[in-house]
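Take the sequence shown: its position 99, counted from the start at 1, is 102 in the working numbering, and no numbers get skipped. From the three backbone atoms N, C-alpha and C, an ideal C-beta is built for every residue, glycine too. Please read these numbers as outputs of a predicted model, since none were measured by experiment. Working notes, beginning with the structure itself.
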Amino acid sequence: MEKKLEFMSNDVHKPVRYGTSLKDGIDKVQFWRIFLKHYAHPLKDWVELWPKSPANYRENMGKYATDVRKLALELTTAITESLGIGPTYLNNKMEEGMQVMAINCYPACPKPELALGLPPHSDYSCFTILLQSSQGLEIMDRNDGTWRAVLKLDSALQVHVGDHLEVLSNGLYKGVVHRVALNTERTRISIASFIQTLKI
Ligand SMILES: O=C(O)CCC(=O)C(=O)O
Ligand SMILES: [Fe+2]
Numbered sequence: 004m005e006k007k008l009e010f011m012s013n014d015v016h017k018p019v020r021y022g023t024s025l026k027d028g029i030d031k032v033q034f035w036r037i038f039l040k041h042y043a044h045p046l047k048d049w050v051e052l053w054p055k056s057p058a059n060y061r062e063n064m065g066k067y068a069t070d071v072r073k074l075a076l077e078l079t080t081a082i083t084e085s086l087g088i089g090p091t092y093l094n095n096k097m098e099e100g101m102q103v104m105a106i107n108c109y110p111a112c113p114k115p116e117l118a119l120g121l122p123p124h125s126d127y128s129c130f131t132i133l134l135q136s137s138q139g140l141e142i143m144d145r146n147d148g149t150w151r152a153v154l155k156l157d158s159a160l161q162v163h164v165g166d167h168l169e170v171l172s173n174g175l176y177k178g179v180v181h182r183v184a185l186n187t188e189r190t191r192i193s194i195a196s197f198i199q200t201l202k203i
């Protein structure tokens, strides 16, 4: 608990930040989530600020962050190529940009119909690469505003488009409005990697 308190902050510009949805007196509606967010690119600039415990956290998360980044660069190449602006168009911006990771934990909820893990939102990123321990993510159908559960496929990562890419592509790639539903049985963990061409 003390280790968590060390990182606890409502300041969104902190490079490492632990939070719950219980921001006394700030949020009017509260959500059933605790999270750790940290910067991950360039890794060497940030890894020393990450939690020291568990003992292998920095090593394992650092490896995951590096691997996700490789995938992100491949996706970026494919996306810019598909937009007709060439495979290297965003290379420099990607190098200068950020990778922010959110490790989300949604405890089992006794009354899931009364709460959400995360409210409807789109991500402030080019795109987001998500690893999830169980189902819970829902995506809004742009045609009729209904919610569709995203199936959890074993060993699969979910990629969704964020606000920056929607703007960059003049709306050819559409940002995804999503939310997180809860369940009574088990805690759900997700790791979202926000890939950004901009610095916050
Ligand atoms: O937990 C999830 O599946 C989604 C997390 C998410 O949308 C976010 O951190 O922005
Ligand atoms: Fe999100």
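Cβ shell of residue i (< 8 Å), same chain only, five flanking positions each side left out
i: ASP27; result: Reliability of the predicted coordinates at ASP27 is poor, the pLDDT of 47 falling under 50, and no value is obtained from them.
i: LYS177; result: ARG145, VAL164, GLU169
Closest Cα partner of residue i within the set the options
i: LYS55; options: ILE37, GLY22, LYS7; result: LYS7
i: LEU185; options: GLY174, ARG36, PRO115; result: PRO115
i: ASP48; options: PRO18, ASP70, VAL71, ILE37; result: PRO18
i: GLN135; options: SER125, GLN161, ALA152; result: GLN161
i: ARG182; options: CYS129, THR200, TYR109; result: TYR109
i: ILE106; options: LEU133, ALA81, ASN94, GLU98; result: LEU133
i: PHE34; options: LEU171, GLU51, PRO122, LEU78; result: PRO122
i: ARG191; options: GLY65, GLY120, LYS66; result: GLY120
i: ILE198; options: SER158, LEU171, MET101; result: MET101
i: LEU140; options: LYS96, GLU169, ILE194; result: ILE194
i: VAL170; options: ASN13, ASP147, PHE130, ARG189; result: PHE130
i: ALA216; options: THR200, VAL179, LEU78; result: With the chain represented from 4 up to 203, any question about residue 216 goes unanswered, as that position is not in the structure.
Neighbour-count burial assignment, residue i, 16 or more Cβ in a 10 Å radius
i: TRP150; result: exposed
i: ALA75; result: buried
i: ASP126; result: buried
i: HIS44; result: buried
i: ILE88; result: exposed
i: HIS41; result: buried
i: ALA58; result: exposed
i: VAL103; result: buried
i: HIS167; result: buried
i: SER128; result: buried
i: THR69; result: exposed
i: LEU154; result: exposed
i: ASN13; result: exposed
i: LEU93; result: buried
i: VAL15; result: exposed
Sequence-distant residues of the same chain with beta carbon closer than 6 Å to residue i, five excluded per side
i: TYR21; result: LYS7, PHE10, MET11, LEU39
i: VAL71; result: ILE132, SER196
i: ARG61; result: VAL50, TRP53
i: THR23; result: ILE37
Neighbourhood of residue i by C-beta distance below 7 Å, restricted to the same chain and skipping five residues each side
i: THR187; result: ALA111, CYS112, PRO113, PRO115
i: ARG189; result: ALA111, SER137
i: THR83; result: GLY89, PRO90, TYR92, LEU93
Simplified DSSP assignment, three categories, for residue i
i: MET101; result: coil
i: SER85; result: helix
i: ARG61; result: helix
i: HIS44; result: coil
i: TRP237; result: No statement about residue 237 is possible, as the shown extent of the chain runs from 4 to 203 and does not include it.
i: ARG182; result: strand
Q) Can you pull every residue whose C-beta falls closer than 5 Å to some heavy atom of ligand 1, listed in chain order? A) Spelled out in chain order, the answer is ALA105, ASN107, LEU140, VAL183, SER193, ALA195.
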